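Input: a single structure, listed below in structure tokens.
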Amino acid sequence: MTQPPAPGAFADRVVLVAGASSGVGAALAQAFAAADADVALFARSEAELARVAEACRQAGREALVVPGDVTRPDDCAALVERTVHSFGRLDTVVASAGLGMWARFDELSDTEVLRQLLDVNVLGVANVFLPALPHVRASRGMLVAISSVQGMVGVPGRSGYAASKHALQGLCDSLRLELRGTGVEVLTVMAHWVRGTNLRARALGPDGAPRGTAAAHRSRSAIDLDTLTRAVLAAVRHRKRRVFVPGYLRYLPLLAQVAPGLADRIVVRTMAREASTAPRG
Ligand SMILES: NC(=O)c1ccc[n+]([C@@H]2O[C@H](COP(=O)([O-])OP(=O)(O)OC[C@H]3O[C@@H](n4cnc5c(N)ncnc54)[C@H](OP(=O)(O)O)[C@@H]3O)[C@@H](O)[C@H]2O)c1
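Given below as structure tokens:
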């Protein structure tokens, strides 16, 4: 298992987390603060952000709360401006704001659900990365996108989500190549299902409304937030371009290339098992 970063590993660094009010983003903000970074926290729910900020301050670091929406470019520009104004620099930008989907494509009455997923999961990342870029160039820092292995393989019942994460992968890979030689690295995090987040409960159903707790099953194979945050902080420290969590997930996209029929069967069987037997929690 990846070790937690040594205390002081991110001393004097400033980390901005978009989607910091719950789940992965909240856990990452606290993990960076515990490793001595100052943090800027962004999401729509100000009350939840205040709770996460308090936890970061308990670690002895500064935490700035900026409420806003990743689908609004002006909110994202203000977020970056306030972060740099408060802390004087910006080293790492973590784009964790995200939206899930829980419906078959043929259940949709129109493409509105897909538009919302692309708006948050793709444009929402671009809206945060774009104004942050000059500052991250100046610090030779990192852009981090919290993605999913669904950005590399298709998954039944998740077409809009997988499409958005595939698009996100294209954005991050292209940006990484554009930034070669600037000292900026772009990391995409290919995560498995994660316990302890709101993604499933808030996932959009076929009518565009969140499916609610009925959809909040958790796979037995889901990873915990601690495992994910350790892997992400280690990948940032080592300036990786991609990290799979857990590591064995890296074989699924490879298998999809060399034995696509087998990869399809594994994915379909996994999703069928999810739908029928997954425990709640
Ligand atoms: N959970 C998993 O199994 C899993 C697996 C692989 C990858 N991921 C990825 O991890 C990331 C975080 O998801 P999570 O599991 O932590 O889910 P989560 O608990 O629902 O967190 C989502 C975060 O995104 C924020 N957000 C959503 N829409 C937003 C908007 N329009 N503007 C600003 N913030 C917005 C939410 O805050 P507000 O509602 O307060 O705005 C919340 O802070 C996502 O990109 C997801 O795709 C999750």
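Be aware that the sequence shown starts at 1, since it is given in this note's numbering, and climbs by one per residue. Virtual Cβ for every residue (Gly too), placed ideally from N, Cα, C. This one's a predicted model, so the numbers in the text were calculated from it and none came from an experiment.
{"Query": "contact_flag[the stretch 70-79, the stretch 161-176] where n(CB pairs < 8 Å) is 3 or more", "Result": "no"}
{"Query": "beta-carbon TYR161 near ligand 1 non-hydrogen atom, thresh 8 Å", "Result": "yes"}
{"Query": "Assigned secondary structure, ARG44 (DSSP; H/G/I helix, E/B strand, else coil)", "Result": "coil"}
{"Query": "CB contact flag (SER147, LEU168, <9 Å)", "Result": "yes"}
{"Query": "Limits of the unbroken alpha helix (DSSP H) element including ARG245", "Result": "Rather than Arg, the amino acid found at residue 245 in this sequence is Val. It is not in any alpha helix (DSSP H) - VAL245 instead sits in the beta strand (DSSP E) that spans 242-245."}
{"Query": "For LEU64, the residue or residues it bridges with in DSSP", "Result": "ALA40"}
{"Query": "Distance cut-off 8 Å: GLU62 Cβ against heavy atoms of ligand 1", "Result": "no"}
{"Query": "Whole alpha helix (DSSP H) elements within the stretch 167-253, 4-residue minimum", "Result": "225-237"}
{"Query": "Three-way DSSP call (helix, strand, coil) for SER256 in this model", "Result": "The sequence shown places Ala at residue 256, not Ser. The answer is helix: DSSP assigns ALA256 an H, G or I state."}
{"Query": "Cβ-heavy atom distance, ALA191 to ligand 1, below 8 Å", "Result": "yes"}
{"Query": "Where THR92 sits in the DSSP three-state scheme", "Result": "strand"}
{"Query": "Assumed close pair GLY205, ALA103 - CB separation to whole angstroms, cut-off 8 Å", "Result": "5 Å"}
{"Query": "Segment limits, beta strand (DSSP E) that includes LEU16", "Result": "14-18"}
{"Query": "Beta carbon of THR188 nearer than 9 Å to that of ARG242", "Result": "yes"}
{"Query": "Limits of the unbroken alpha helix (DSSP H) element including VAL128", "Result": "124-139"}
{"Query": "Backbone CA spacing between GLY151 and ALA162 [nearest angstrom]", "Result": "6 Å"}
{"Query": "For LEU99, the three-state DSSP class (helix, strand or coil)", "Result": "coil"}
{"Query": "Beta-carbon proximity check, VAL94 vs VAL144, cutoff 9 Å", "Result": "yes"}
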